[in-house]
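Inspection log for the structure reproduced underneath, given as structure tokens.
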Amino acid sequence: MSEFLARNRLILLAYAGMVLLLLVTAVFSPGFLSASNLRSTVVLAAFVGIVALGQTFVIIGGGIDLSVPWVLNCAAIIMTLLCGGQDLPLAWVAPLVLAGGAGIGLINGVGVAKFGVPPIIMTLATNVILQGLILVVTGGSPTPPAPGLIKFLSVGRIGPFPVIALIWLLLTVAATILLSKAPFGRHLYALGTSVTVAEFSGVPTARTTILTYVISGLTAAFAGILLTGYSGQAYLGMGDAYLFTSIAAVAIGGASILGGSGHYLGTVAGAMVLTILTGLLPALNLSSGALLVVYGAVILITVSLGSEAFAGLARLLRSSAHKGEA
Amino acid sequence: MTPLAASRPGSPEAPNTRDWHGWALDRAPFLVACLMLAVIATIYGSKQTGVFTLDELNLDTAAAMTLMLAATGQTIVLIRGGIDLSIGGMISLGTVIAATRFTDDPATVLFWSLAILALGLAIGALNGLLISVLKLQPFLVTLATWSILNGVAMIILPTDGGSVPGWWIGFGYLQFLGLSSPVWMLVALVVFWWWFRSTRLGITIQATGSNEKSAFLSGVSITRINVTTYALSGLFAAGAALYLTTQTGSGSPTIGKDYILPSVAAAVIGGVSLFGGRGHLAGTLVGAFILTLIGNLVFVLKISSYWQPVASGIILLLSVLASSIADKAARGRMR
Amino acid sequence: MDLVVAKGLSKRYGGIVALSEATFSAHAGEVHALLGENGAGKSTFIQILSGAVRHDAGTLKVDGADYRPTDPDDAQARGIAAVFQELSLIPDLTVEQNIWFRREPRTLLRTVDRAQLRRRTREMLDRYEFPPLRPDVELRRLTLAERQIVEIAKGLAKDPRVLILDEATSALPAREAEWLLGLTRRLASEGRLVIFISHRMAEVRAIADRLTIFRNGRTVAAHEAGGVSDAEIVTQMIGRNLDRLYPDRVATATERVALRVTNFSSGRLDGASFSLREGEVLGVGGLQGHGQRELFQALFGASPATGTVELWGKPVAITSPRAALTGPDGIALVPEDRRGQGLLLTKSVRENLTLAVIRRFTERGLLSSRKEAELVREMVDFLRIKAQTPDQLAGTLSGGNQQKVIFGKMLLTQARVLLLFDPTRGVDVGTKGEIFQLMRDLAAKGYAILFHSSDMPELVHVADRVMVLRNGRVAAILEGEKISEESILGAAMLEGEAA
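Just so you know, the sequences run in chain order R, V and S.
Throughout the first sequence, residue numbering follows my numbering, covering 1238 to 1563 in sequence.
Throughout the second sequence, residue numbering follows my numbering, covering 1495 to 1829 in sequence.
Throughout the third sequence, residue numbering follows my numbering, covering 41 to 539 in sequence.
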């Protein structure tokens, strides 16, 4: 089993960090571990986690998706506008909006895989274009409230469990199957490790790349729809925070930004860590500024733990401890 | 770019000569940027009187200067083959420190200005050190330091506010020979670049971005180059922050993020390669002008200002596609 | 007095001895050739000399003083410069910037003095009668040969007392190669020591004053160039282990054509036509850079090509490696660059082996670990891959075992036309023998193998026929008794010498 531990060291570290954080929080803020508080933490983490699902796939494939904020925001605005607060239109609106998210992902993917545009530039461009277009279309006016069904999905409960936590669980299972049990996962890890080797091994590299961006567009749009239920309506800028948190969750979860490694299970822990931190700081009487400082420090520490240099250092220390010589 | 391009042997039968066609292909992204700037200026000039005057130049340069300063640092980092997201945090932090520490006393202002510049230099050096010593990715390291700097800025000044002395705000209106101080700063940037790119340091940064391994084999210390590169970027970000306070007259803990990706975009529009080794500040400055003028254009065309981001996104995509097509054509000519 | 003296020089990489107790001496004003097969220790020796690696044991003296360089800058300060095959040039800098990189003349403003830079470059290029080079062209626009010339200029610009040339002629066309030989003599006559590595006996004969022979990490002999015959040199280079390295060559080729290529062009490859039969090993030889790489890459669909290709009698259009790897009727490549093209170093042996055949263990859309394990075990046993577990990372295997994993990956695709591009490069002798045996075994089973090697003896001893490429065309196809190093070289160089 030590093989398993070594291979998944970073993911396990993320979970260890999560548990540690929970315990620390419990000490400083005794009410934190109550059922209701844990529930609201999981609900908030779910939004980060769902957006970060697509981001995980893109990053494992060696890319990055900066278009997440306004794909999310556009999905939220279009969904609430078209539904007008009613449940019934969702039957066609939801598939339409999700398809729109996937379509943006398709454009990103084709730009990256077929035209050789660097991912940062491609997704940055679609992000600002979407931002402008949705403003042009809506004029920035407030939207109708979210349909009741969406509210149920994001803040409702089935028994003791928040509905969105169950949705998140389902998505986690699906992502895990895709990454670990499906041919797509093998292709993806190979692609992220070395495009050339993957290509020389017959992996459909372009198709795989495009698919990761499509998934990212889908999950961002889905998160946008759900988020309206949480905040009651759609508003401008509601997606902005998710750019940073989705990338941070993936990084904390142990994936390399260069691609080829990581797992969505790690990202889940990353999303939880970020959300628990958000809950912890008010308990410590710290401001949102301090939260950003802590976020930055946590990212630095986790990526350092995963770095080649750190692994080399650890090896060096071990071997010198064994032999008694440096 | 096909994924296999990297594995192919380079340029088998290239002619050992240089013709105007190849010269133009090499500079295609920059030429396209100049063309776009000309088109935008022409449309702008046809809708509005007095566009091609010194006053307009003074105004537009004043509006673009923060982005230009930030993008100068970013250009150096991109040519090195890296990226610096932390400039957003540094700009926020710089404005916040200035707005809370500056008094009417010029000596105090001078002291804190130097302190802010030194801080930028130090933070940048730290970025470079983390990247080389821990062998971390620039994107994540500078994302983390961006978050930290932004957080510190919010702790110092939770919301927009503070103030700077009146004479400090007047900086942008100073004129010499009919040109405002921002225009002279622009001139200084151009002169700086003309000097910097032909120093050994400038060439070594370009070489390291072009091929890190070859540079290393030629005896370049990668750590020293990284530290210097990111320190320069931090210094320019601090300079951008100081300039920004002369425009806004206050500090803002969040304003810096408006310059992170636009600084990259300005460089890319101007033909700087994200893969390192290629690009010039002239292109970046043209790119920064384009991004600034789009705002004016949207205004005089009397269309919704929401079209501004749409237009910048499209221009960004167009310039990247232009450079990728020119690259392919250049490679094709070598076969 | 001798300028460079080495005694008992040794270097190990982990368990592998790269250099063992090497002895060397050379004096100023001579051209000293280093001879030996690939992996004999020449490269390690010059890497130590040039400061790229440090030796573990032994002494090295330059001009009678101890010499233990810590890096190439240090070596340069002692007057030693090396021109390696692995180039140290910067693609986006111009020729002159590359030549004087980090040692540029400067103005009062600390900027590079471009006028002086140009003047110095011109002076040096003129003085040594360099082939025409434009100093203001970016390096990425140059051909491989031109880059090699720039690399030589970069070495000379350091005005070294000892100049090391590592197979510098191999990338050069005939005329430029001749120029370099003249240059070498001239540098020696200026009182410099030139250490010259080449696989071409004629060149060594033409310019070397003395030579040192390496074998299996040891220096086995040093001679005055005039006092030793070619045959003696070859015997000392090869030693006695030749017989056991190569398997018996049993002709297994049938009449059935597995691969027919007609008028095939891609990059430097210019209209090659040939056919490869079932059960045959067809060697591909010739001087480096005459279209071998393009032939293999284009047949595998990794670079675009024109012409027709038939596999097992059917015309095919192979536009990507994915289109090449179509199962039993397909065509598989063991690529040149093991780390860059062949292997995912940070992934397990298992994932590498099965990467090209994921379909073979997918059931109802999901991977079957049981079936995958069967495939992996089959290949690990068949190829005797030495890995602790199939989950060991491929990057931690020895070079030979890494190459076996790539073979395994391609064999699992069941393609029966195999393209092997220099499959024994950087592989230990034991595994080399295994690979040759494997090739003959596969041929006996009806596989058709196209085999390129940069080591000519391998072609001579393993291939049934040898096709020699020259200027992108098939210059000769040698068969049976006609296959020898001399005949291959003759076919490869004939036109080049006439030109």
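By construction, the Cβ of each residue, glycine as well, lies at the ideal position given by its N, Cα and C atoms.
These numbers come from a predicted model, not from an experiment.
Paired residues, beta bridge with residue i - DSSP
i	result
Gly1497 of chain R	Looking at the DSSP assignment, Gly1497 of chain R forms no beta bridge with any residue, so it has no partner.
Ile1788 of chain V	Answer by DSSP bridge pairing: none, since Ile1788 of chain V is not bridged.
Arg300 of chain S	S:Ser315, S:Glu350
Lys47 of chain S	S:Thr99
Gly1839 of chain V	Since the first residue of chain V shown is 1495 and the last is 1829, residue 1839 of chain V is not available in this structure.
Val374 of chain S	S:Leu460
Val152 of chain S	S:Arg146
Val57 of chain S	S:Arg52
Amino acids of chain V, ordered along the chain, whose beta-carbon sits closer than 9 Å to that of residue i
i	result
Thr1363 of chain R	Gly1807, Leu1811
Pro112 of chain S	Leu1711, Ser1712, Gly1713
Chain S contact for residue i (CB, 8 Å cutoff)
i	result
Leu1519 of chain V	no
Gly1503 of chain R	no
Gly1419 of chain R	First, the residue type needs correcting, since residue 1419 of chain R is Ala and not Gly in the sequence shown. Yes, because at least one Cβ of chain S sits closer than 8 Å to the Cβ of Ala1419 of chain R.
Gln1700 of chain V	yes
Thr1693 of chain V	yes
Arg1246 of chain R	no
Gly1497 of chain R	yes
Contact with chain V by residue i, beta-carbon distance below 8 Å
i	result
Asp462 of chain S	no
Ala539 of chain S	Per-residue confidence for Ala539 of chain S stands at a pLDDT of 32, beneath the threshold of 50, marking its modelled position as unreliable; the derived number appears in the next sentence. Closer than 8 Å: no.
Ile130 of chain S	yes
Gln156 of chain S	no
Tyr1252 of chain R	no
Residue from the options whose Cα sits closest to the Cα of residue i
i	options	result
Leu395 of chain S	S:Arg180, S:Glu178, S:Leu415, S:Lys522	S:Leu415
His501 of chain S	S:Asn511, S:Leu233, S:Leu509, S:Leu518	S:Leu518
Val1305 of chain R	R:Met1475, R:Val1505, R:Ala1328, R:Ala1506	R:Met1475
Lys82 of chain S	S:Arg187, S:Glu207, S:Met164	S:Glu207
Arg225 of chain S	S:Arg245, S:Pro213, S:Arg240, S:Ala214	S:Arg245
Gly326 of chain S	S:Asp462, S:Ala46, S:Asp113	S:Asp462
Glu526 of chain S	S:Tyr168, S:Val274, S:Ala155	S:Val274
Asp1598 of chain V	V:Ile1663, V:Asn1621, V:Leu1628, V:Ile1573	V:Ile1663
Leu1247 of chain R	R:Gly1490, R:Ala1383, R:Ala1362, R:Val1505	R:Gly1490
Lys387 of chain S	R:Gly1499, R:Val1373, R:Val1535	R:Gly1499
Gly1396 of chain R	R:Leu1529, R:Ala1272, R:Gly1543, R:Gly1533	R:Ala1272
Arg142 of chain S	V:Gly1696, V:Ala1776, V:Ser1727	V:Gly1696
Lys1388 of chain R	R:Gln1368, R:Ser1417, R:Gln1323, R:Thr1375	R:Gln1323
Ser1767 of chain V	V:Thr1536, V:Gln1568, V:Lys1629, V:Ala1782	V:Gln1568
Val1658 of chain V	V:Ala1592, V:Ser1626, V:Ile1617	V:Ala1592
Gly48 of chain S	S:Thr99, S:Met419, S:Glu418, S:Leu75	S:Thr99
CB-CB length for residue i against residue j, believed under 8 Å
i	j	result
Ala357 of chain S	Leu365 of chain S	In fact, because the Cβ distance is near 14 Å, the residues do not count as touching under 8 Å.
Gly1507 of chain R	Trp1405 of chain R	Wrong, their Cβ atoms sit about 13 Å apart, outside the cutoff.
Met507 of chain S	Val321 of chain S	Their Cβ separation, rounded to whole angstroms, is 11 Å, which puts Met507 of chain S and Val321 of chain S out of contact at 8 Å.
Contacts that residue i makes with chain R (C-beta to C-beta distance below 9 Å)
i	result
Pro1652 of chain V	Ser1524, Ser1525, Gly1526
CB contact below 8 Å: residue i versus chain R
i	result
Arg1827 of chain V	With a pLDDT of only 49 at Arg1827 of chain V, under 50, the local geometry of the prediction cannot be trusted, and the value read off the model is given with reservation. No, Arg1827 of chain V does not count as interfacial toward chain R.
Leu499 of chain S	no
Thr224 of chain S	no
Contact list for residue i against chain R, beta-carbon separation under 7 Å
i	result
Gly405 of chain S	Ala1419
Tyr1753 of chain V	Going along chain R, no residue has its Cβ under 7 Å from Tyr1753 of chain V, so there is no contact; the nearest lies around 13 Å.
Phe1633 of chain V	Ile1494
Closer than 7 Å at the beta carbon, the chain S residues around residue i
i	result
Trp1689 of chain V	Leu149, Thr151
Thr1778 of chain V	What Thr1778 of chain V touches in chain S: nothing, since even the nearest Cβ is about 17 Å away.
Ala1427 of chain R	Leu384, Leu395
Contacts of residue i in chain V (Cβ-Cβ under 8 Å)
i	result
Asp166 of chain S	Simply none; closest approach about 17 Å.
Asp421 of chain S	Those do not exist, as Asp421 of chain S stays about 32 Å from chain V at its closest Cβ, beyond 8 Å.
Val1440 of chain R	Simply none; closest approach about 10 Å.
Partner residues on chain S for residue i, Cβ-Cβ distance less than 8 Å
i	result
Arg1772 of chain V	Asp132
Under 7 Å from the C-beta of residue i: neighbouring residues of chain V
i	result
Phe1352 of chain R	Leu1815, Ser1818
Proximity test, residue i beta-carbon vs the ligand SAH heavy atom, cut-off 7 Å
i	result
Glu169 of chain S	This structure lacks the ligand SAH, and indeed carries no ligand of any kind.
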